[in-house]
Amino acid sequence: MKVFSLTMQSNKSEVITLQAGPLANQVCAHFWNLQEYTYLSKSATNEREFPFTYQVLFDDSTRYAKPHALAIDVREVVDFGARLDPELVPTPLDIPSWNSQVDKVLRSVPVSSKNAHCNWINCLSPFAQRIWCRNDILLKLPVSLQPLPIELTHNEIQPDSARMISTFTEGQNILRSGSKVSDDCDDRIRRIAERCSHPNSFQLVVDAEDGFTGIGSQLLESVTEEFPKSFIFTVPIYCSSAVSHMDARLKRLTVVNQLCLLNILESGDRISHGSWLPMDMSNLCDHSHFCRKMCVLASVLDTVTTPSKLAPKFGGLDLEHFLSVTSFAQGRKMLTVQTGVNCNEVTDGHLSWYNFNPYYNLGKTVVGESVLPKPVLSRQLMSRGIKDSGLMNDVWNMFNQVNSSDKSANKSLVAIDIPCLYSTESVRSVYSLPDYPLRTGVAEQANLSLPMYCKQYANTYMTCIVDVPGANSYEAKVLEKLVKSLLYHRSHPIDDYMELETWNEFLESIQARLIDSYSVEWN
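Below is the structure:
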């Protein structure tokens, strides 16, 4: 394992994970599978050579892998009883009066198109399902939200499912301070924090284009009030291909929903310590199965946050110290990840490259394919399972390329444009763990009868380049375009649940935070 870091701080604090929405929970289900496999494989590794310290994510006061996590979703799309599994059948110790006999368990299939999402609980391993069920990690909302329509296997969406989605304000009202569900949510987060020794970081994974943006905003408000010094890493999950099937009105509504969330994420008053990494699952069009797309996104999240899980002697950092490199970037908090992926069972020295930032990819269209991306302010590299020295040398050369007058992007090594650096001083940290690919243990769990629709990758080899975009970047140009598209509707809120005064305040705020801030040149 090779580690280079400019700032070394030992990671003694825990990370609490909050996940809200069907897409976010699908990603996190696969994320926890990755953590569980590594956590359980520790016993087979020499303690002195095992680089990870999983009390960062799990409660180590118990005999099993209980995550520091709270999942929030609509009631109709999750059900621990949707599939009878022998690992989940209660024992006589669980229910003393039970006669140990189970004849049959039946669950009806949801008939409403708004509930046409997969039961992501079934993507968890049976071991994890039992832990989640017993420890009440899932919070089911008493009021239903209309999520973004699900994308099916072949990049299609459910028929008639794109007629309606919930708004930011609807989601916000569900968790409004003082409500019963809000008090329940706050109590659960507080109990999780009480089981931690040093809970100073949160990671929020949230749906980015429907009413769960409002749920996410209320979670952010709750966390910042209860833990004002905590660092918050937010991962909004997008599905742009599903949005493309919607009519013009719904498309505008998805823009409002996402910009409402981004407005809060960019607010220095509300979130003084934080960064956000947007990821669009639709970029994985060559991964046909829905669960495999989510598995790749989960692997990206795992790879990007690898340093927060490393033991101090292996160069581990608190999540805050690792991702707070945006603090110097004129107050901007957005990150962009370029990812090289190999999901084959045997590495063949090849990586398929993706940029998961939806604003970066759309920005290439907005500014024109011939316009190269602007240099980035800061860059970090995380690599898992890549042993091919030639491949890593190519990645390293691409990673370190500095801006010059005749070339500002590297096209020679990958199929996408990798922005250059302002200078070599922009490199913040490099982590390479060639002996630790991302594994879910699917092969080992074959006898546990995982559901046929869940097609997780057993092994993933990955390199992630995390950038802080500069001024007038692809991302900045798209944010400017989206904000300006809403200015034509000053007199009438697109979100019908939003008051006109609140709407105009919102438009002024996103003008300052998402246009003015992202056009300031870095000195």
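Residue numbers (the UniProt record's numbering): 1 to 523. Idealized CB from N, CA, C, for every residue including glycine. From a predicted model like this one, the values you see are computed outputs, not experimental measurements.
### Message
Which complete alpha helix (DSSP H) runs does the segment 450–506 hold, if anything under 4 residues is left out?
### Response
Runs of the alpha helix (DSSP H) lying entirely within the segment 450–506, each at least 4 residues long, are 474–486 in chain order.
### Message
Suppose you measure from the CA of N459 to the CA of D394; what does that come to, to the nearest Å?
### Response
Each residue's alpha carbon lies about 22 angstroms from the other.
### Task
Check Q338 in the structure and name its three-state DSSP category.
Looking at Q338 - three-state DSSP - the assignment turns out to be strand.
### Message
As a quick exercise: from P312, D467, V256, M281, pick the residue whose alpha carbon is nearest that of I165.
### Response
Considering only alpha carbons, the answer is V256.
#### Entry: Rounded straight-line distance, which links the Cα of P493 to that of R75
Each residue's Cα considered, the two are about 29 angstroms apart.
### Query
Buried or exposed: R332, going by 16 or more other Cβ atoms within 10 Å of its Cβ?
Within 10 angstroms of the beta-carbon of R332 lie 16 or more other beta-carbons, which makes it buried.
### Message
Using 8 angstroms as the threshold, is the C-beta distance between L277 and V235 below it?
### Response
Taking the C-beta atoms as reference points, V235 is found nearer than 8 angstroms to L277.
### Query
Looking only at C-alpha atoms, which of T254, I271, S241 sits nearest to residue 540?
Here the chain comprises residues numbered 1 to 523, so residue 540 is not present and cannot be evaluated.
### Task
Can you say whether H273 is buried or exposed, counting buried as having 16 or more other CB atoms within 10 angstroms of its CB?
With 16 or more other Cβ atoms within 10 Å, it is buried.
### Message
Just to confirm the assignment, what range does the alpha helix (DSSP H) spanning G216 have?
### Response
Counting along the chain, G216 sits inside the alpha helix (DSSP H) bounded by residues 212–226.
### Task
Assuming G214 contacts Q172 (C-beta within less than 8 angstroms), just tell me the rounded distance between them.
Sure, about 3 angstroms apart at Cβ, within 8 angstroms.
#### Entry: Simplified DSSP state of S519, which is helix, strand or coil
Here S519 sits in helix by DSSP.
### Query
Which residues share a DSSP beta bridge with D73?
Bridge partners of D73 according to DSSP: K140.
### Message
Suppose contacts are defined by Cβ-Cβ distances below 8 angstroms. Is L335 in contact with I465 by that definition?
### Response
Cβ distance not < 8 angstroms, so L335 and I465 don't count as in contact.
### Task
Whole angstroms is fine: what's the gap from C123's alpha carbon to L372's?
In this model, C123 and L372 are separated by some 40 angstroms (Cα to Cα).
### Query
What residue range is occupied by the uninterrupted alpha helix (DSSP H) comprising M398?
389–399 is the span of the alpha helix (DSSP H), which, as asked, contains M398.
### Task
Round the Cβ separation of Y457 and T440 to the nearest angstrom and send it over; I've been treating them as touching at under 8 angstroms.
Contact between Y457 and T440 holds, with the beta-carbon distance rounding to 7 angstroms and staying under 8 angstroms.
### Query
Between W353 and S491, what straight-line distance do the alpha-carbon atoms span, to the nearest angstrom?
Rounded to the nearest angstrom, the two C-alpha atoms are 43 angstroms apart.
### Message
Only counting the same chain, and skipping five residues up and downstream in sequence, which positions put a Cβ closer than 8 angstroms to that of D286?
### Response
Counting only Cβ-Cβ distances below 8 angstroms, and skipping sequence neighbours, we find S352.
### Unbroken alpha helix (DSSP H) run spanning W132, endpoints
That run of the alpha helix (DSSP H) goes 126–135.
### Query
Is it right to say S161 is buried, meaning 16 or more other beta carbons lie within 10 angstroms of its own, or is it exposed?
Residue confidence is low: S161 scores 49 on pLDDT, short of 50, so the model does not pin down where it sits. Its coordinate-derived value is still stated next. Within 10 angstroms of the beta-carbon of S161 lie 16 or more other beta-carbons, which makes it buried.
### Task
Examine the ligand PLP and report whether any of its heavy atoms sits within less than 7 angstroms of the Cβ of N355.
The ligand PLP is not part of this structure, which contains no ligands at all.
### Query
Is F31 closer than 8 angstroms to L301 when the C-beta atoms are compared?
For L301 and F31, yes; Cβs fall inside 8 angstroms.
#### Entry: Residue environment, N263, which counts as buried when at least 16 other CB atoms sit within 10 Å
So N263 counts as buried.
### Task
Pull up the distance between the alpha-carbon of G368 and that of F356, whole angstroms please.
C-alpha separation (whole angstroms): 19 angstroms.
### Query
Where does K180 land, buried or exposed, given buried means 16+ other C-beta within 10 angstroms?
The residue in question, K180, is exposed, as its Cβ has fewer than 16 Cβ neighbours within 10 Å.
### Task
Determine the direct distance from the alpha carbon of A71 to that of W132, and round the result to whole angstroms.
Distance between the alpha carbons of W132 and A71: 10 angstroms.
### Query
When DSSP labels each residue in this structure, what does Y354 get in the three-state scheme?
Strand at Y354.
#### Entry: R195 beta carbon less than 8 angstroms from that of S61
Contact: yes.
### Candidates F168, Y54, A24: closest to N119 by CA position
The shortest C-alpha to C-alpha distance from N119 to any of F168, Y54, A24 is the one to A24.
### Task
Report the partner residues of V427 according to the DSSP bridge assignment.
Answer by DSSP bridge pairing, in chain order: R379.
### Query
If you draw a straight line from the C-alpha of K229 to the C-alpha of D318, how long is it?
Pairing K229 with D318, the inter-Cα distance amounts to about 14 angstroms.
### Task
Under 6 angstroms Cβ to Cβ from L284, same chain only, skipping five residues before and after it: list those, please.
Within the same chain, K293, V296 come within 6 angstroms of L284 by CB-CB distance, once the 5 residues on both sides are set aside.
### Message
Applying the 10 Å Cβ sphere with the 16-neighbour rule, what's the burial state of N397?
### Response
Counting of Cβ neighbours within 10 angstroms places N397 among the exposed residues, the total staying below 16.
### Task
Classify I271 as helix, strand or coil using the three-state DSSP reduction.
Coil at I271, not helix or strand.
### Task
Can you grab the Cα-Cα spacing for the pair I121 / Y238, in whole Å?
Between the C-alpha atoms of I121 and Y238 there is a straight-line separation of about 20 angstroms.
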